[in-house]
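Participant:
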Amino acid sequence: MVDAKKVRFIIGVIGNVISFGLFLSPVPTFWRIIKKKDVEEFQPYPYVATVMNCMLWVFYGLPVVHKDSILVTTINGVGLVFEAVYLSIFVYHCGNKKNFRRNIGLYLLAEIIAVAGIVLITLFAIQNAFAKQTFVGVICDIFNIAMYGAPSLVIKKVVETKSVEYMPFLLSFISFINAVIWTTYSLIYKIDLYVLISNGLGTLLCASQLIVYAIYRKSTPVNKTAKPSEIEIPATERV
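Going from the sequence shown to our numbering is simple: count from 1 and add 27.
1) Taking the CB atoms as reference points, tell me whether Gly39 and Leu98 lie closer together than 8 Å.
2) Any idea if Gly88 is buried or exposed, counting beta-carbon neighbours within 10 angstroms, 16 or more meaning buried?
3) Mark Gln160 as exposed unless 16 or more other C-beta atoms lie within 10 angstroms of its C-beta, in which case mark it buried.
4) So, under 8 Å CB-CB, Gly48 and Ile201 are touching, yes? Tell me the CB distance rounded to an integer number of Å.
5) DSSP three-state call for Val108: helix, strand or coil?
6) Run through DSSP, which three-state label would Cys81 get?
7) Should the region 107 to 114 be regarded as contacting the region 171 to 187, the criterion being three or more beta carbon pairs within less than 8 Å?
8) Would you call Gly106 buried or exposed, if buried means 16 or more other Cβ atoms sit within 10 Å of its Cβ?
9) In whole angstroms, give me the CA-to-CA distance for Ser213 and Val239.
10) Alpha helix (DSSP H) containing Gly88: first to last residue?
11) Relative to the C-alpha of Cys233, which residue among Val181, Asp219, Leu220 is closest?
12) Quick check on Arg59: does DSSP put it in helix, strand or coil?
13) Check Pro71 in the structure and name its three-state DSSP category.
14) Excluding sequence positions up to five away, which residues of its chain have a Cβ less than 8 Å from the Cβ of Val165?
15) Rounded to whole angstroms, what is the Cα-Cα separation between Ser256 and Gln70?
16) Just how far apart, CA to CA, sit Thr210 and Lys63?
17) Could you check what DSSP says for Cys233 in three-state terms: helix, strand or coil?
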């Protein structure tokens, strides 16, 4: 007889591996920044947003909020480290451009205060275990859906230009697989409603990107030297 708990764990490990790959996807961007010692037109805000997303999911996966979700905590903990490294590189090389250093510092401070507030409310103001899970889960879903949805804005550009040069297929495809894996994970053994909601919608959003890509991929030649500033945002999608 198949052990549902073991199957869920295996799928979660697969999800960790795929999510790890997504966390690695900005490496070429930051390697370019290091070599040129300049951030050019790259923007730090997707990575700042991912820090918030990771912190929330790290907390959600802890036993104090949700039991049997440690794999959610581990991968987002790893992601938090990656985002910290990326932002450190960005801050080091951005100089005084657009007040990036000040803005990044203020945003991160606001995020830390917000997460600290959520943690304190969860631990001391909410006594019921289900209520804790609901409170943190809803907040996590709001941020995660936004993370999945932001890259879908490029669909408008694709439709307007009838060109897929600004839509990296591989990243969209891996994000789709990632969302499917975590949706499956959420349905096995114990249904995890909040992982299911965000990744279920993420699956639909990523699928819409792939459908648009399939429709327009032959309309015009794909420009392999697409502007980096246009394709860096999707790199922050995750669980």
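Here a beta-carbon is modelled for each residue, glycine too, at the ideal position from N, C-alpha and C.
These numbers come from a predicted model, not from an experiment.
Facilitator: This is what the structure gives:
1) yes
2) Buried, since its Cβ has 16 or more Cβ neighbours within 10 Å.
3) buried
4) 6 Å
5) helix
6) helix
7) no
8) buried
9) Across the structure, Ser213 and Val239 are spaced so that their CA atoms are roughly 27 Å apart.
10) Unbroken run through Gly88: none, as it is neither H nor E.
11) Val181
12) It is helical.
13) coil
14) Within the same chain, Val165 has close Cβ partners Tyr221.
15) Unreliable placement is indicated for Ser256, whose pLDDT of 42 sits below 50; the coordinate value is still reported in the next sentence. Looking at the two C-alpha atoms, the distance is approximately 7 Å.
16) 40 Å
17) helix
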